[in-house]
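Here's the structure, in structure tokens; my notes come after.
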Amino acid sequence: MQPAAPTPGRAPVPARIAPTLRQHVAVWYGLLGVPAVWAGHVLFCQALAATACAGGVPQRNVEPWHVVHWTLAFVSAAAFALALAGALLAWRAWRESAALDYPQRDTFRFLAWSSAAVAVAFTIGLVFTISVLLALPLERLCEALK
Numbered sequence: 156m157q158p159a160a161p162t163p164g165r166a167p168v169p170a171r172i173a174p175t176l177r178q179h180v181a182v183w184y185g186l187l188g189v190p191a192v193w194a195g196h197v198l199f200c201q202a203l204a205a206t207a208c209a210g211g212v213p214q215r216n217v218e219p220w221h222v223v224h225w226t227l228a229f230v231s232a233a234a235f236a237l238a239l240a241g242a243l244l245a246w247r248a249w250r251e252s253a254a255l256d257y258p259q260r261d262t263f264r265f266l267a268w269s270s271a272a273v274a275v276a277f278t279i280g281l282v283f284t285i286s287v288l289l290a291l292p293l294e295r296l297c298e299a300l301k
């Protein structure tokens with residue numbers, strides 16, 4: 156493959172030899188970090204809801220329901236922001252990996268693609284988890300189980 160002829164007035168853009176540290180971090184964050192964000196979100200929200208309504212009985216020594224609900228919303232928004240950032244960074248690393256001139260280019264490109272796919276899948280899973288947490292009337296459900 157021959158390099159493209161330089162355009163008049165512009166210097167040719169050299170191909171990057173190897174992936175940058177930012178690209179490596181983006182790939183591994185998308186592959187491992189986004190699933191960890193999803194798992195942490197599920198564990199935190201489940202523990203919070205379970206302690207606020209243990210056995211269908213509202214507990215007296217925990218936060219009131221409006222605080223629990225807003226805490227769930229805040230933690231969910233933070234988790235979504237982290238997961239979306241990871242998915243976008245992994246997708247960007249995959250797109251940029253096409254311009255690499257590197258002996259293990261195909262390996263890195265596959266890892267970048269896998270990272271983007273995993274990050275998008277877990278971000279979608281997080282959206283479904285958040286929709287259940289916020290749409291389900293936990294307070295009324297807990298009081299109905301008394």
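Residue numbers (our numbering): 156 to 301.
In this text, a Cβ means the ideal position worked out from N, Cα and C, and glycines have one as well.
query: Proximity winner among VAL222, ARG260 and ALA267, relative to ALA242 (alpha-carbon distances); result: ALA267
query: C-alpha distance - TYR250 paired with PRO258, whole-angstrom precision; result: The sequence given here has Arg at residue 250, not Tyr. Straight-line Cα distance between these residues: approximately 17 angstroms.
query: Which listed residue (TRP220, ALA238 and PRO174) has its alpha carbon closest to that of GLY188; result: ALA238
query: Own chain, CB closer than 8 angstroms to ARG260, minus 5 neighbours either side, in chain order; result: SER252
query: Boundaries (first-last residue) of the alpha helix (DSSP H) holding GLY185; result: No alpha helix (DSSP H) contains GLY185, which DSSP labels as neither H nor E.
query: For ALA248, the nearest candidate out of ILE279, ALA274, PHE235 and ALA236 (CA to CA); result: ALA274
query: Secondary structure of LEU243, DSSP reduced to three states; result: helix
query: LEU219 classed as buried or exposed, judged by whether at least 16 other C-beta atoms fall within 10 angstroms; result: The sequence given here has Pro at residue 219, not Leu. It is exposed - the Cβ of PRO219 has fewer than 16 other Cβ atoms within 10 Å.
query: C-alpha distance - LEU198 paired with HIS179, whole-angstrom precision; result: 28 angstroms
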